[in-house]
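Numbering (mature numbering (1 follows the signal peptide of the UniProt record, and there is no 0)), first residue to last: -17 to -1, 1 to 237.
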Amino acid sequence: MKLVLIGLGLLIASSTAQIRTKGGTLIAKEGESLTLRCEVEDPSIAIIWRKNNDVVAVDDEILDTYGGYEIAMEGSTSVFTIKRVEPINSANYSCALAEPEVSVTFVIKVQVKPLVLISPDTGVYHARVGEKNLVITCHVKEGNPKPGVVWTKQAAKLPEDIKKDHEGARLVFPEVKKHHAGKYNCLAENVAGMDRATIEIHVAEPLQGEREGEYVDIVGMCLCCVLIVKMHPPHTRCWCHNICLKKGGQLLPQ
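Right, here's the structure in full:
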């Protein structure tokens, strides 16, 4: 037995191969149907379909009933259909004969549309002028091939004082200013499609000196938030625990 490379597919053959079809690489989009055809010289010989090393169908019987497959014979051709392509269908599918041992392989590559989420995930973020290091992140949860990510600001150019990192997926505002207010769109796109998400940033004026800080102590289910006013001494703070947290979870010195 010898290994013969034909086109993009592999044909494992004896001296008299009985499969006329050549294998290859097929590109499919998520959600579409995909049909593989395997023409044989003698349809009386059992035809076996495999996904990687697992048998999923023999002749006209589907063995993997959860795979969303259909199979039928059209003359001397076995027609194997994936009714709705999913990312899990990115695999090697082979059509084989029981005797002699001969097979062709189809390499399936599934293109997946991006799925985008933004954090914070509140939809609207309330910031104040002077807030430091505000970070807005665009999370691309799915997508094949890897999507490109683009940030835009609605009805305006993206401010030049905003930094981008993590391959453009994250916006960093070193210091929030009034002109940062507005709606920001994250767009992810590949050949399978696109998705976008939007967050609106509201920017308020800074507080005018009546508040020095806001503290949150967490002990079990206890949550206490205290305003520390300049005119009151430190002992007016409400302590639920000896760890003092700023609202948002950032540790502050006591």
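The beta-carbon is built from N, C-alpha and C at its ideal position, and this holds for glycine as well.
Since Gln94 sits in a beta bridge, which residues does DSSP pair it with?
DSSP, once it has assigned bridges, lists Lys12 as partnering Gln94.
Span of the beta strand (DSSP E) holding Tyr167?
Looking at the DSSP string, the run of the beta strand (DSSP E) that includes Tyr167 is 165 to 173.
Kindly identify the DSSP beta-bridge partner or partners of Gly176.
According to DSSP, which records beta bridges pairwise, Gly176 is partnered with Asn173.
Please name the residue in Glu84, Thr18, Val123, Asp148 whose C-alpha comes closest to that of Ile30.
Out of Glu84, Thr18, Val123, Asp148, Glu84 has the C-alpha closest to the C-alpha of Ile30.
Could you please give the first and the last residue of the uninterrupted beta strand (DSSP E) stretch that includes Lys154?
Residue identity check: residue 154 is Leu in the sequence provided, not Lys. Run containing Leu154: 153 to 158, per the beta strand (DSSP E) assignment.
Alpha carbon to alpha carbon, what distance is there between Glu57 and Asp43?
Cα to Cα, the separation comes out at about 11 Å.
Looking only at its chain, what residues have a beta carbon closer than 6 Å to the beta carbon of Thr120, apart from the 5 residues adjacent to it on each side?
Result list for Thr120: Ser102, Arg153, in chain order.
Here's a check: name, in chain order, each residue in its chain whose Cβ is nearer than 7 Å to the Cβ of Ile65, leaving out the five neighbours to either side.
Around Ile65: Ser16, Leu17, Gly51, Tyr52, Asn72.
Taking 8 Å as the threshold, find out whether the stretch 88 to 98 comes into contact with the stretch 106 to 121 through three or more Cβ pairs.
Touching, no.
Within 10 angstroms of its Cβ, does Ile54 collect 16 or more other Cβ (buried), or is it exposed?
Classification of Ile54: buried, given that the 10 Å Cβ count is 16 or more.
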